[in-house]
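Chains as they are written, first to last, in my numbering: chain W, 13 to 218; chain L, 47 to 99; chain E, 22 to 334.
All residues carry an ideal CB built from backbone N, CA and C; glycine is no exception.
Predicted model, so just to flag it, every value in this text is computed and none were measured.
Heads up: the structure comes next, in structure tokens.
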């Protein structure tokens with residue numbers, strides 16, 4: 013046996029052990045970093061997820077550099093969001109939420125929404141004509157929603173702080189959760205003719 | 047790149063050429079991903095055990 | 022199998038093949054790097070310099086003076102905005118009983134006459150007896166008298182001329198208002214007004230609420246935006262300055278502002294926000310929505326994606 017069990021009397025109510033057992037069962041390393049996939053993972057559509065991750069790495073990395081050096085060098089958000097859109101449509105047509113994967117889909121939608129806010133605060137922080145104009149207009153939306161004083165788009169300090177600190181933390185945390193969910197469930201099986209597209213409570217083998 | 051873009055107008059739709067190209071590129075890439083053959087070095091993994099566990 | 026793994030059950034009977042996830046990520050990173058660095062090197066990024074009150078006053082002094090007058094008279098966009106800036110009844114956007122703008126109240130109070138005109142002029146009046154006298158005359162007059170001067174002056178500004186860096190209007194009963202405005206123009210042209218409008222009483226300034234609202238009340242800034250197709254009724258939210266692609270993912274948010282009845286309603290911002298929140302929630306809940314979640318089965322794009330699998334069956 014590769015693992016030696018601790019003596020029974022040491023186990024009574026050990027939360028650490030219980031946590032470790034849970035992780036070993038639900039998130040075993042062999043599923044987090046698998047070296048094999050079902051043979052039906054044979055379409056370029058599958059790469060959009062990892063390309064979106066690569067885009068995010070670039071966005072965060074270049075953002076760190078910008079924070080050191082000041083005004084923008086290049087326009088990141090368009091490229092990253094472009095890839096994200098490809099990823100979303102791929103998952104829609106695969107009905108990727110099936111077989112217990114509804115949470116993965118929903119986290120994905122939340123990431124989309126949060127990253128729009130992250131991009132928005134970025135545009136406002138440009139300190140150029142575009143940033144001014146966006147702020148002057150966006151205030152009408154935030155004011156109409158009653159949050160205009162709390163989330164003041166005309167306050168550069170607040171918008172910049174949200175953009176470089178709070179929102180990146182939220183996006184990265186959500187993306188990590190999304191990836192863990194994908195690895196935990198494994199890729200969804202192909203749609204079967206008789207199957208419905210319901211998320212289902214647990215994973216069934218066809 | 048700093049000169050204003052050309053815009054296409056049709057009914058209430060008003061779109062810049064760069065934006066139209068972005069949307070078109072997205073659609074084209076998606077279709078290519080659907081249709082392009084995927085390399086298959088499909089050597090089946092027979093046993094469940096991971097050889098370097 | 023060492024312990025019960027749900028994935029082993031899920032993939033039971035399915036042939037597994039070798040796959041290298043880490044190599045895939047590295048390759049994706051390399052590919053994205055090439056694209057990103059290439060695009061950035063070739064195209065750079067848009068950076069039209071910010072408009073300042075100084076630019077505005079220099080390029081379009083009549084518009085500047087007209088706007089400053091409207092701030093003083095309480096007729097500007099900001100003055101009439103309602104919450105969170107001013108207390109104007111019925112100014113808040115509402116959809117039936119839903120009126121978050123009103124609920125939030127006047128949480129960033131602005132007195133346009135004081136904040137945009139009289140306080141900055143007060144600073145400039147130190148050591149300037151002519152301006153001090155003009156301010157005293159204005160402040161001592163009754164509100165009705167002030168409004169009369171301001172209304173007359175606003176009307177006259179429609180036919181104003183610019184000469185020697187001064188805005189001139191036909192003769193009329195304007196009281197000290199032309200003097201006040203001439204000083205406002207002077208402050209603006211030198212760049213002093215940009216600084217005087219920054220709010221906080223400390224050294225560090227990050228809140229540009231006042232200068233931005235002031236510029237937004239004029240025509241100069243919006244006209245520049247319209248030239249670049251950035252205004253709300255030009256799908257502006259989706260666009261970028263110059264020939265750069267913009268935020269195409271905002272197409273749906275932007276769409277509502279182009280079509281009736283939204284494009285003429287007074288509560289469009291609130292309606293669109295509510296609509297987009299509902300649609301985003303629906304997107305998140307697609308797995309649970311009957312017809313939406315069945316479309317992928319009916320439109321068999323999946324047959325292309327998994328054609329290897331179906332061929333083998």
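When you compare the CB of residue 24 of chain E with every CB in chain L, is at least one pair closer than 7 angstroms? Confidence at residue 24 of chain E is low in this model, with a pLDDT of 46, below 50, so its placement is unreliable and no value can be given for it.
Quick one: give me the first and last residue of the alpha helix (DSSP H) that residue 106 of chain W is part of. Residue 106 of chain W -> no alpha helix (DSSP H), and no H or E assigned at all.
Please report the residue range of the beta strand (DSSP E) in which residue 187 of chain E lies. 187–189
Considering only their Cβ atoms, is the gap separating residue 126 of chain E from residue 112 of chain E smaller than 7 angstroms? Taking 7 angstroms as the cut-off, the Cβ atoms of residue 112 of chain E and residue 126 of chain E do not count as close.
Specify the secondary structure class of residue 315 of chain E as computed by DSSP and reduced to three states. Three-state DSSP puts residue 315 of chain E in a helix.
Which residue wins for smallest C-alpha separation from residue 189 of chain W, given the options W:120, W:128, W:51 and W:104? W:120
Taking the straight line between their C-alpha atoms, what separation do you get for residue 123 of chain E and residue 56 of chain E? 47 angstroms
Opening and closing residue of the alpha helix (DSSP H) in which residue 272 of chain E lies: 272–276
With a Cβ-Cβ cutoff of 7 angstroms, do residue 88 of chain E and residue 238 of chain E count as a contact? yes
Proximal residues, the stretch 112–135 of chain W versus chain L, C-beta separation under 9 angstroms: none
Nonlocal neighbours in the same chain, by C-beta distance under 6 angstroms from residue 256 of chain E, ignoring five residues either side: 275
So that I know if they touch, is there some Cβ in chain W lying closer than 7 angstroms to that of residue 82 of chain L? yes
Return the residue from the list W:118, W:112, W:65 and W:142 that minimises the CA-CA distance to residue 52 of chain E. Taking only the C-alpha atoms, the option nearest residue 52 of chain E is W:65.
Could you compute how far the alpha carbon of residue 303 of chain E sits from the alpha carbon of residue 127 of chain W? 18 angstroms
What residues from chain E crowd round residue 54 of chain L, counting only those whose CB sits closer than 8 angstroms? Those do not exist, as residue 54 of chain L stays about 11 angstroms from chain E at its closest Cβ, beyond 8 angstroms.
Give me the chain L residues within the contact set of residue 56 of chain W, using Cβ-Cβ distance strictly less than 8 angstroms, ordered along the chain. Residue 56 of chain W reaches chain L at 78, 79, 80, 82 and 84, counting residues in chain order whose Cβ is nearer than 8 angstroms.
Between the CA atoms of residue 74 of chain W and residue 282 of chain E - distance to the nearest angstrom: 42 angstroms
Spell out a yes or no on whether the stretch 136–154 of chain E and the stretch 173–186 of chain W are touching, meaning 3 or more CB-CB pairs, one atom from each, closer than 8 angstroms. The stretch 136–154 of chain E is not in contact with the stretch 173–186 of chain W.
For residue 66 of chain E, which residues does DSSP report across the bridge? In DSSP, residue 66 of chain E forms no bridge with anything.
Simplified DSSP assignment, three categories, for residue 177 of chain W: In the structure shown, residue 177 of chain W sits in a helix (DSSP, three-state: H, G or I).
By how many angstroms is the C-alpha of residue 323 of chain E removed from the C-alpha of residue 128 of chain E? Answer to the nearest angstrom: the Cα atoms are 52 angstroms apart.
If you count every other CB in all the chains shown that lies within 10 Å of the CB of residue 248 of chain E, and 16 or more means buried, which is it? exposed
Identify, in the order they occur along the chain, each residue of the same chain with its Cβ nearer than 8 angstroms to the Cβ of residue 295 of chain E, setting aside the five sequence neighbours on each side. 116 and 119
Tell me the DSSP secondary structure of residue 225 of chain E in three-state form. Residue 225 of chain E falls in the coil class under three-state DSSP.
Is residue 179 of chain E helix, strand or coil by DSSP? The answer is coil: DSSP assigns residue 179 of chain E none of H, G, I, E or B.
For residue 77 of chain E, which of helix, strand or coil comes out of DSSP? The answer is helix: DSSP assigns residue 77 of chain E an H, G or I state.
Check whether the Cβ of residue 188 of chain W lies closer than 7 angstroms to any Cβ atom in chain E. By this cut-off, residue 188 of chain W is not an interface position.
What residue range does the alpha helix (DSSP H) around residue 91 of chain E cover? 82–94
Taking one C-beta from the stretch 297–317 of chain E and one from the stretch 109–125 of chain W each time, how about it: are there three or more such pairs within less than 8 angstroms? In this structure the stretch 297–317 of chain E touches the stretch 109–125 of chain W; the number of beta carbon pairs closer than 8 angstroms is three or more.
Quick one, are the C-beta atoms of residue 137 of chain W and residue 171 of chain W less than 7 angstroms apart? yes
Any beta carbon from chain W within less than 7 angstroms of residue 119 of chain E's own beta carbon? no
Local conformation of residue 54 of chain L per DSSP, three classes: Of the three classes helix, strand and coil, the one that applies to residue 54 of chain L here is strand, per DSSP.
So, is the C-beta of residue 39 of chain E closer than 7 angstroms to a C-beta in chain W? yes
So which of W:53, W:186, W:192 and W:167 has the shortest CA-CA distance to residue 201 of chain W? W:53
Using only CA atoms, which one of W:49, W:72, W:107 and W:46 lies nearest to residue 316 of chain E? W:107
C-alpha distance - residue 109 of chain W paired with residue 191 of chain W, whole-angstrom precision: A direct Cα-to-Cα measurement between residue 109 of chain W and residue 191 of chain W gives close to 14 angstroms.
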